[in-house]
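For reference, the structure is listed below as structure tokens.
In the numbering used here, the protein residues as written are 790 to 969.
In structure tokens form, the structure reads like this:
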């Protein structure tokens, strides 16, 4: 199945100051997620951001907030974004079937959201170089579970070029520069 930008939304899950500080390979997570977010924006893919218990875990990291004009987020305490009324309403309003996921933690919020999206009839696509957990072992277990559940996994470079579709497409040069 080809993933087309017209049928796709993005979801950035809980990439917050205090959570990122505890993640494995946090610098890589933030760098790659920034490229993904900038690419989704360049391609006009609507993207939602969530924050888990902002009061305790802080805001979305500045590296992501600063590249999104008019940044806003959806507050949550449930692990699955699909259990959050505001997100569920936003997703339904978009009318798209593909959801590109990145965020933390791979084996908790990202996993539960991806499973719930699939059960609700959406096509979740987890960008594995834009997710993390406190340990690499938990990230590996999440990947194993994604496979078991039939949830697609990819890299930020792969999904951005797939959404672009062609070297002749508008946005190709921007995406090409982002991934270099």
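Built from N, CA and C at the ideal position, the CB exists for glycine as well.
Everything numeric in this text was worked out from a predicted model, so none of it was measured.
From residue i to residue j, what distance separates their C-alpha atoms?
i, j, result
"residue 916", "residue 796", "17 Å"
"residue 925", "residue 894", "11 Å"
"residue 798", "residue 830", "10 Å"
"residue 871", "residue 906", "7 Å"
"residue 837", "residue 813", "24 Å"
"residue 747", "residue 955", "Past the edges of the chain, shown from 790 to 969, lies residue 747, and the structure says nothing about it."
"residue 825", "residue 875", "23 Å"
"residue 804", "residue 947", "21 Å"
"residue 802", "residue 961", "26 Å"
With a cut-off of 8 Å on the beta carbons, I'd call residue i and residue j a contact; round off their distance for me.
i, j, result
"residue 897", "residue 935", "Not a contact, Cβ separation roughly 13 Å."
"residue 942", "residue 932", "6 Å"
"residue 967", "residue 827", "6 Å"
Mark residue i as exposed unless 16 or more other C-beta atoms lie within 10 angstroms of its C-beta, in which case mark it buried.
i, result
"residue 899", "buried"
"residue 855", "exposed"
"residue 892", "buried"
On a CA-only basis, which of the options is nearest residue i? Give me that one, please.
i, options, result
"residue 969", "958, 957, 952 and 945", "945"
"residue 922", "806, 965 and 815", "815"
"residue 817", "908, 834, 911 and 852", "852"
"residue 937", "949, 953, 911 and 903", "903"
"residue 912", "834, 930 and 888", "888"
Measuring only from the beta carbon, is residue i closer than 8 Å to any heavy atom that is part of the ligand GTP?
i, result
"residue 918", "Annotation note on the ligand GTP: not contained in the displayed structure, which lists no ligands."
### Message
As an exercise, report each continuous beta strand (DSSP E) stretch of at least 3 residues that is fully enclosed by the segment 840-870, in chain order.
### Response
863-865
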